Amino acid sequence: GNSLMVVVLAAGLLLPGKVQAAEFDVSKFNQEVGLRFAYGKNTKTASVHLYSLLPRWGIFLMAPGKSWGPFGASFVVEGIVSIADADEVGFEVGFTPMVKFSCLLFPSVLAYIEGGAGIISESINSPALAHSFNFTPQAGAGFDIALTPQLALSVAYRFRHSSNAGIYKENPAFNVNFVQTGLNYYF
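No gaps in the numbering here: position 33 of the sequence shown is 35 in the working numbering, and each next residue is one more.
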């Protein structure tokens with residue numbers, strides 16, 4: 003137990019000096035395209051597990067390292083295709099326009115928060131969902147870690163709420179916590 007902790011702490015302190023990380027070339031940050039993989043689980047008692055692909059495209063309104071110093075802002079459109087493990091196997095398909103605020107913490111690490119609201123069609127047999135057409139307000143945060151000057155490993159958390167926004171009388175909230183990882187290319 004303690005020896006493993008010592009090894010992990012030593013590696014965390016010593017490796018950054020030994021490993022040469024790539025640095026972002028923010029002069030090329032005009033647009034982004036990426037693909038994330040996500041695992042999500044709902045927050046209610048009826049258990050639903052989601053395994054998702056999230057293709058995304060974005061355009062910088064202001065890239066980090068320009069007028070706002072290390073800060074940036076962009077508009078992102080993200081799709082979602084999920085397989086759902088619930089009472090029966092189901093699926094969901096949708097898209098979400100989002101605003102993303104980023105901050106270049108280090109030359110190789112871009113932190114961000116993002117959020118938006120989209121629409122989704124959910125075909126999941128579970129008491130957690132009442133209807134197949136829902137709206138999806140969501141927000142999250144993460145880090146892009148430079149693999150090359152324009153390619154990044156993305157690691158993120160997202161909270162998503164799905165509901166029909168009161169269109170139908172029955173409107174249970176379907177809240178999901180997602181962990182995401184993937185690749186993002188800036189150009």
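From the three backbone atoms N, C-alpha and C, an ideal C-beta is built for every residue, glycine too.
Since this is a predicted model, take the numbers as computed values, not measurements.
On the three-state DSSP scale, how would you describe residue i?
{"i": "residue 29", "result": "helix"}
{"i": "residue 152", "result": "coil"}
{"i": "residue 87", "result": "strand"}
{"i": "residue 50", "result": "coil"}
{"i": "residue 82", "result": "strand"}
{"i": "residue 170", "result": "coil"}
{"i": "residue 76", "result": "strand"}
{"i": "residue 131", "result": "coil"}
{"i": "residue 147", "result": "strand"}
{"i": "residue 176", "result": "strand"}
With distances taken Cα to Cα, identify the nearest neighbour of residue i among the options.
{"i": "residue 64", "options": "149, 183, 94, 28", "result": "28"}
{"i": "residue 185", "options": "58, 44, 89", "result": "58"}
{"i": "residue 98", "options": "38, 69, 122", "result": "122"}
{"i": "residue 156", "options": "56, 118, 42, 137", "result": "56"}
{"i": "residue 44", "options": "183, 165, 78", "result": "165"}
{"i": "residue 34", "options": "66, 78, 46, 47", "result": "78"}
{"i": "residue 189", "options": "150, 127, 183, 131", "result": "150"}
Look at the Cβ atom of residue i, then the Cβ atom of residue j, and state whether they are nearer than 8 Å.
{"i": "residue 40", "j": "residue 49", "result": "no"}
{"i": "residue 25", "j": "residue 148", "result": "yes"}
{"i": "residue 32", "j": "residue 62", "result": "yes"}
{"i": "residue 125", "j": "residue 92", "result": "yes"}
Buried or exposed: which applies to residue i, given that a residue is buried once 16 or more other Cβ atoms fall within 10 Å of its Cβ?
{"i": "residue 178", "result": "buried"}
{"i": "residue 191", "result": "With the chain represented from 3 up to 189, any question about residue 191 goes unanswered, as that position is not in the structure."}
{"i": "residue 171", "result": "exposed"}
{"i": "residue 52", "result": "buried"}
{"i": "residue 71", "result": "exposed"}
{"i": "residue 169", "result": "exposed"}
{"i": "residue 159", "result": "exposed"}
{"i": "residue 21", "result": "The pLDDT assigned to residue 21 is 48, lower than 50, so where the model puts this residue is not dependable; a value taken from the coordinates is nonetheless given after this. Flag for residue 21 reads exposed."}
{"i": "residue 102", "result": "buried"}
{"i": "residue 131", "result": "buried"}
{"i": "residue 69", "result": "exposed"}
Does any residue of chain B bring its CB to less than 8 Å from the CB of residue i?
{"i": "residue 127", "result": "As a matter of chain content, chain B is missing from the structure shown, which is built from one protein chain."}
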